[in-house]
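Those sequence lines, one after another, are chains A, B, C and D.
For the record, in the first sequence the residue sitting at position 24 is 67 according to the numbering used here, with numbers rising by one throughout.
For the record, in the second sequence the residue sitting at position 57 is 208 according to the numbering used here, with numbers rising by one throughout.
For the record, in the third sequence the residue sitting at position 72 is 954 according to the numbering used here, with numbers rising by one throughout.
For the record, in the fourth sequence the residue sitting at position 95 is 112 according to the numbering used here, with numbers rising by one throughout.
Reviewing the structure listed below.
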Amino acid sequence: MSTLIDILLLSLMGITALAAVRMKSLFGAVMLTGIFSLLSALWFLILDAVDVSFTEAAVGAGISTVLMLGTLSLTKSEEKTSNHSQIIPLFVVFVTGGVLIYGTLDMPDFADPLAPIHTHVAPHYIEKSGAEIGVPNIVTSVLASYRGFDTLGEVTVIFTAGVGVLLLLGIGRRREDGDE
Amino acid sequence: MNWVTHYNYWIVILLMMLGFYTIIARGNLVKKIIGLNIFQTSVFVLFISMGKIPGGVAPILRDDPTTIYSNPLPHVLILTAIVVGVATTALGLALVVRINEAYGTIEEDEIHEQDRFF
Amino acid sequence: MMFFVTVIALFPAMFLALGRAIVGPTLYDRVLAVNSFGTFTVLMIAVLGFMTDQTDFVDIALTYALINFIGTIAVLKFFVVGDFGYEEQRDQ
Amino acid sequence: MINFLSWVLLLSGCFCVLISAIGLIRMPDLFTRMHAAGVGDTLGAILVIAGLMLQAGPTLLLAKLVLIMFFLLFTGPTACHALAKAALAGGEKPLLDDNNQ
């Protein structure tokens with residue numbers, strides 16, 4: 044029953060991505076990226092990843108779309124047709140895709156409860172984290188306690204990116220204004 | 152193996168191919184970043200779909216001891232990846248804005264054309 | 883069963899809204915399609931929560947409804963003003 | 018009885034949502050599409066949420082569903098109105114009947 048929902052949703056995602064890639068108007072492509080984020084958030088929700096879905100909706104559909112629209116307001120909004128040969132990129136892409144499809148033949152089935160990913164580390168977190176950390180949400184306890192240094196690294200990455208954006212846009216712009 | 156149990160992998164590969172093609176074949180820089188986003192999302196979908204257990208519920212502890220929870224580890228990894236991904240997008244878009252200020256265009260061909268004279 | 887029927891009935895609506903977002907022709911058509919699509923997503927999340935007996939999903943549907951509205955208004959402001967209003971502040 | 022009412026509300030909600038989506042794709046110009054999408058979406062969303070409210074029973078869940086319903090009830094028409102205003106300001110003209118011009 045839920046297989047039908049999965050297949051319909053994944054097909055919608057594929058169609059949206061295809062349309063976003065083919066769209067010449069960059070505004071239209073950004074709008075379709077927003078729809079794509081909503082769809083992927085919906086798919087994460089179906090797969091029980093509540094926190095991921097929440098983040099994807101706020102970050103993907105919200106912040107990314109606004110950032111891209113802001114960029115478009117400062118640059119051009121129409122894509123020019125490229126006159127390059129498309130054969131080499133298509134060849135590379137199809138070879139990569141073919142290799143990956145060959146790789147999926149060995150992968151465990153979708154939602155297989157005996158897949159290796161479910162047997163190794165996760166049972167420990169599911170059984171013990173309630174007693175060890177005391178937070179009902181397992182994702183929170185792993186993110187903030189068991190893997191706290193990973194999150195610290197993540198914060199460092201975001202800080203670096205923020206500094207980069209400020210250096211690229213904020214400070215240079217202000218100095219130009221001061222000179223004029 | 153039949154096509155229903157591997158359909159998610161095929162959509163992941165389709166998304167990956169679309170994003171990869173956009174990154175290497177399209178000249179427009181904003182389009183390249185859109186391709187990068189699609190590529191990223193394909194990886195997210197791959198990870199999250201591996202964590203699903205049939206009949207499982209979201210990994211938030213309940214009083215009932217017989218509850219089956221989905222695997223929380225991919226959720227943690229992807230939560231980090233999404234936030235890092237938006238930082239990357241913001242940095243890339245800032246670079247696009249600066250390139251547009253310096254060259255007056257966001258098409259790769261025209262940027263190469265102008266670079267040839269220096 | 884009734885929730886399943888509702889979810890399946892929402893899919894054609896999503897396909898049609900996606901079609902309008904792809905075809906265009908104006909930017910406003912696309913914004914309208916995205917807005918409708920967001921509403922369908924909110925409904926689908928709420929119904930899915932009831933279908934799988936995880937009623938926490940309703941919280942997420944609430945967030946989505948707000949994000950969708952704010953996103954639409956932000957995009958429209960962008961179309962009318964041409965930016966998000968920083969230029970005016972700098973001029974003053 | 019409650020189940021039957023919920024079925025009726027959910028199905029009529031789906032019907033409205035589907036009609037609004039068909040209007041979105043079939044109508045000839047922007048403003049008629051906006052009419053179809055704005056009206057149909059809001060009514061359909063409210064009917065579906067009302068159907069869910071009957072299933073929720075008097076709990077905290079009901080309060081959340083009421084909140085969602087109110088948000089959709091207010092934001093749908095507001096977004097549509099803002100869209101129409103932006104489209105008019107952006108130079109889109111409604112399609113008029115030739116005889117009236």
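Just so it is clear, CB atoms sit at the ideal spot from N, CA and C, and this is done for glycine as well.
For residue i versus residue j, is the C-beta spacing smaller than 7 Å?
i                      : j                      : result
residue 946 of chain C : residue 92 of chain A  : no
residue 914 of chain C : residue 89 of chain D  : no
residue 93 of chain D  : residue 49 of chain D  : no
residue 104 of chain D : residue 41 of chain D  : no
residue 912 of chain C : residue 111 of chain A : no
residue 154 of chain A : residue 203 of chain B : yes
residue 208 of chain A : residue 242 of chain B : yes
residue 44 of chain D  : residue 53 of chain D  : yes
residue 238 of chain B : residue 204 of chain A : yes
residue 287 of chain B : residue 200 of chain A : Because chain B here runs from 152 to 269, residue 287 of chain B falls outside it and cannot be looked at.
residue 158 of chain A : residue 151 of chain A : yes
residue 83 of chain A  : residue 192 of chain B : yes
residue 35 of chain D  : residue 895 of chain C : yes
Could you give the distance in angstroms between the alpha-carbon of residue i and the alpha-carbon of residue j?
i                      : j                      : result
residue 885 of chain C : residue 96 of chain A  : 21 Å
residue 118 of chain D : residue 112 of chain D : Note on residue 118 of chain D: pLDDT 48, under 50, position unreliable in the model; no value is reported.
residue 171 of chain A : residue 61 of chain A  : 43 Å
residue 973 of chain C : residue 206 of chain A : Because the pLDDT at residue 973 of chain C is just 42, under 50, the model does not fix this residue reliably, and the point stays unresolved.
residue 970 of chain C : residue 70 of chain A  : Because residue 970 of chain C sits at a pLDDT of 43, beneath the cut-off of 50, its placement in the model cannot be relied upon, and the following sentence gives the value as read from the coordinates. Whole-angstrom Cα-Cα distance: 23 Å.
residue 106 of chain A : residue 18 of chain D  : 45 Å
residue 173 of chain B : residue 898 of chain C : 26 Å
residue 226 of chain B : residue 198 of chain A : 17 Å
residue 954 of chain C : residue 917 of chain C : 7 Å
residue 262 of chain B : residue 253 of chain B : 10 Å
residue 222 of chain A : residue 67 of chain A  : In this predicted model, residue 222 of chain A has a pLDDT of only 45, less than 50, meaning its place in the structure is not dependable enough to derive any value.
residue 958 of chain C : residue 159 of chain B : 35 Å
residue 968 of chain C : residue 922 of chain C : For residue 968 of chain C, the predicted model reports a pLDDT of 47, less than 50, meaning its position is unreliable; a value from the coordinates is still stated below. Approximately 33 Å, taken between the alpha carbons.
residue 82 of chain D  : residue 81 of chain A  : 20 Å
residue 65 of chain A  : residue 20 of chain D  : 46 Å
residue 279 of chain B : residue 182 of chain A : As shown, chain B starts at 152 and ends at 269. That puts residue 279 of chain B outside it, with no answer to give.
residue 925 of chain C : residue 65 of chain D  : 7 Å
residue 130 of chain A : residue 246 of chain B : 29 Å
residue 49 of chain A  : residue 73 of chain D  : 25 Å
residue 935 of chain C : residue 27 of chain D  : 17 Å
residue 195 of chain A : residue 902 of chain C : 43 Å
residue 161 of chain A : residue 191 of chain A : 22 Å
residue 147 of chain A : residue 166 of chain B : 15 Å
residue 169 of chain A : residue 47 of chain A  : 29 Å
residue 892 of chain C : residue 938 of chain C : 21 Å
residue 57 of chain A  : residue 188 of chain B : 14 Å
Kindly give me the distance between the Cβ atoms of residue i and residue j, rounded to whole angstroms, as I take these residues to be in contact under 8 Å.
i                      : j                      : result
residue 57 of chain D  : residue 33 of chain D  : 5 Å
residue 164 of chain B : residue 76 of chain A  : With 8 Å as the limit, residue 164 of chain B and residue 76 of chain A do not qualify as a contact, their Cβ atoms being about 20 Å apart.
residue 195 of chain B : residue 233 of chain B : 7 Å
residue 199 of chain B : residue 90 of chain A  : 5 Å
residue 889 of chain C : residue 930 of chain C : 6 Å
residue 257 of chain B : residue 179 of chain B : 6 Å
residue 22 of chain D  : residue 71 of chain D  : 6 Å
residue 248 of chain B : residue 59 of chain A  : Their Cβ separation, rounded to whole angstroms, is 26 Å, which puts residue 248 of chain B and residue 59 of chain A out of contact at 8 Å.
Residues of chain C with CB closer than 8 Å to the CB of residue i, please, in chain order.
i                     : result
residue 81 of chain D : 940, 941, 944
residue 23 of chain D : 884
Please compile the residues from chain A whose C-beta is within a distance smaller than 8 Å of the C-beta of residue i.
i                      : result
residue 223 of chain B : 165, 168, 169, 181, 182, 185
Chain C partners of residue i, CB-CB under 7 Å?
i                      : result
residue 78 of chain D  : 937, 940
residue 51 of chain D  : 914
residue 112 of chain A : 957, 960
residue 51 of chain A  : 893
Check the Cβ of residue i against every Cβ in chain A and list those closer than 7 Å, keeping chain order.
i                      : result
residue 903 of chain C : 74, 75, 78
residue 900 of chain C : 55, 58, 59, 78
residue 264 of chain B : Residues of chain A passing the Cβ test: none, with the nearest at roughly 12 Å.
residue 160 of chain B : 147, 150
residue 209 of chain B : 91, 93
Which residues does DSSP list as the beta-bridge partners of residue i?
i                      : result
residue 258 of chain B : B:179
residue 220 of chain B : B:208
residue 180 of chain A : B:211
residue 68 of chain A  : A:121
What residues of chain C sit near residue i, judged by a beta carbon separation below 9 Å?
i                      : result
residue 65 of chain D  : 888, 892, 925, 928, 929
residue 107 of chain D : 908, 909, 910, 961, 962
residue 109 of chain A : 953, 956, 957, 960, 966
I want to verify the contact list: residues of chain D whose CB lies under 9 Å from the CB of residue i, in sequence order.
i                      : result
residue 934 of chain C : By Cβ distance, chain D contributes nothing, its closest Cβ being about 13 Å from residue 934 of chain C, past 9 Å.
Starting from the beta carbon of residue i, find every residue of chain B whose beta carbon is closer than 8 Å, and list them in chain order.
i                      : result
residue 138 of chain A : Chain B residues near residue 138 of chain A: none, gap ~10 Å exceeds 8 Å.
Using the beta-carbon of each residue, which ones in chain A are nearer than 9 Å to residue i?
i                      : result
residue 192 of chain B : 56, 60, 79, 80, 83, 99, 103
Which residues of chain B have a Cβ atom closer than 7 Å to the Cβ of residue i, listed in chain order?
i                      : result
residue 154 of chain A : 203, 204, 205
Along chain B, in chain order, which residues have C-beta atoms closer than 9 Å to that of residue i?
i                      : result
residue 175 of chain A : The premise fails here: residue 175 of chain A is roughly 12 Å from chain B at the closest Cβ pair, so nothing lies under 9 Å.
residue 125 of chain A : 176, 177, 178, 179, 258, 259, 260
residue 71 of chain A  : By Cβ distance, chain B contributes nothing, its closest Cβ being about 11 Å from residue 71 of chain A, past 9 Å.
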